[in-house]
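Here's the structure we're looking at; comments come further down.
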Amino acid sequence: STASLAAQMWGVNDDLNFLWCFPVQKSGGTQLKLVMSFPNYGQALFKPMKQERHEETNVNLYYFSDFERHNAEIAAFHLDRILGFRRVPPVVGRLVNVIKEIKDITTDHKLVTTFFMSPVGNACFYGQCSYYCSTEHAICGRPLKIEGSMAAMLPDQSLAPRRSWRSPWRRSYSRSKLAQWATDSNYCDSIKKTPPYDRGTRLVDLIDMSILDFLMSNMDRHHYETFEKFGNDTFLIHLDNGRAFGRHSKDEPSILAPLVQCCRVRRSTLLRLRLLSLQSYRMSDVMRASLSQDPLTVVAPLLTEQHLSALDRRLETVIQTIQDCLQQHQHHSDVIYDDIADLRQNLS
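One point on numbering: in full-length UniProt numbering, the residue at position 312 of the sequence shown is 312, and numbering is uninterrupted.
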C-alpha cells in the first residue's frame, strides 16, 4: 500500500511512530512546519494538526491567512492520484510524540525555546513563523502525541534543480485589489501567446492543476515548480496543498478560471472525470476507500462525509464547465487536447 511504501521510504513503523529522526523547523513559509531527517538520508516535511477535521475555515478569513491542514496534505495526495495526475509527492499521516520525537532530539535551539506544558498538562510548542506561531495558536499533544502529515521531500536542488513559476492565475493577495485575470474575460488569449504556455502541454498541465484545486477548494496556488532538466517538456509538481479542504459548504468558482477562460482540457482528464462521475466509480467512494489506507484513519477518517460529498458536487461543476466549452466552440478539437492520440503515436 501507499502508506507502507512511504513507511519504508522514511524509516517509520506501522504503529505510527518514528524509528529515529532529527527534526528542525523549516525556514520560510507562513506557518509552522518541520523537516524530519532520517538515518538513511531521507527527509520528510511534517505539518502538524492545527484544527479538527470537522471545523470549517472561518468565513472572515482571507485565503492567505487560513490554517494549513495536515489532513488536506494527505487527502490532496490521494485525490491527485485518483485523478491520474500523480504529481503530488507521497504523503502519509503519522502520530508524533511531542517530547521524545521532537523536543528531546531536535538540534534547533530556537524551536526548543517555544515548548511548554499547557494548564491541563498537554505538551505544546509553537515555533517561529509569520502566522499562528504564538502561545495562543500552539500545537499541543493529547497529552504527548500529535497528528501530522509526512510528505516526501524532493531531491536536493544540487541533485535535481527545479524552477519555480509564478502562476498566471495567481491571486493578488491583497484585501482590496483583484488580479488581472479576475477582471479580464479575454485574459487567456494573451497567456496562450506567452512562453511557456504557447507550446507543448504547459497550459493543459496548469488547467489540470486548477481542476485539482477546485475539487479540493484550494485558493492558495500562487506558484508551481518543474524540474529544470526537462525544459518545457516537463510536468508540474503539485506542492503545498495545506490550505485545501477548508470549507465543504461553499464552492469557489474562481479557482476554475483557467478552464473557463481557456476552454482547453486533456482528453485523458475528461475521461477520468466522467468515470468518477459514474455511480459505480463515484469520486467520494473512491476517495473514502483510498484514504482508509492511511494510518491516521485509526484515529478518525481524514475527510468528513461533508467534504466527500462536496467532491461529488464540484465534479459535476467541472464536467458541466467543459460541456459549456464544447458548446461554445464549433470543433471539439478546439477544446479537447487529445493526449491519448499523441501517446499512441509516440508508442507506435
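All C-beta atoms, glycine included, are put in the ideal place defined by N, C-alpha and C.
None of these values were measured; they are calculated from a predicted model.
Distance CB(residue i)-CB(residue j) smaller than 8 Å
i	j	result
Gln31	Tyr173	no
Phe85	Leu212	yes
Pro253	Ala152	no
Asn97	Leu159	no
Val335	Ile82	no
Arg162	Thr201	no
Ile146	Pro258	no
Trp165	Trp181	no
Glu316	Ser277	yes
Buried versus exposed, by CB contacts within 10 Å (16 or more), residue i
i	result
Ser134	exposed
Arg171	buried
Thr113	exposed
Thr194	exposed
His78	buried
Gln8	The predicted position of Gln8 is uncertain, since its pLDDT is 41 and thus under 50; no value can be drawn from it.
Thr183	exposed
Ser210	buried
Glu101	buried
Gly231	exposed
His248	buried
Lys26	buried
Thr106	buried
Phe116	exposed
Gln328	exposed
His238	buried
Asp66	buried
Bridge partner(s) assigned by DSSP for residue i
i	result
Gly148	Pro48, Arg94
Gln25	Leu34
Val265	Ile336
Tyr224	Trp165
Ile102	DSSP lists no partner for Ile102.
Ile139	Phe125
Ile237	Glu225
Secondary structure of residue i, DSSP reduced to three states
i	result
His78	helix
Leu34	strand
Trp181	helix
Glu252	coil
His329	coil
Ser164	strand
Phe18	A caution first: Phe18 carries a pLDDT of 48, below 50, which makes its placement in the model unreliable, though a value can still be read off. Of the three classes helix, strand and coil, the one that applies to Phe18 here is strand, per DSSP.
Gln43	strand
Met117	strand
Met216	helix
Phe64	helix
Leu111	helix
Thr321	helix
Glu56	coil
Asn71	helix
Ala300	coil
Met287	helix
Arg272	helix
Residue i beta carbon near the ligand GTP (any heavy atom closer than 7 Å)
i	result
Glu56	For the structure depicted, the ligand GTP is absent and the ligand set is empty, with no information on it obtainable.
* Asked: Touching or not, the segment 294-314 and the segment 51-59, by the rule of three or more beta carbon pairs under 8 Å?
  -> The segment 294-314 makes contact with the segment 51-59; the number of CB pairs closer than 8 Å reaches 3 or more.
Taking three-plus beta-carbon pairs below 8 Å as touching, is the segment 232-248 in contact with the segment 206-220? yes
Would you check if there are 3 or more beta carbon pairs closer than 8 Å linking the segment 117-124 to the segment 68-78?
-> no
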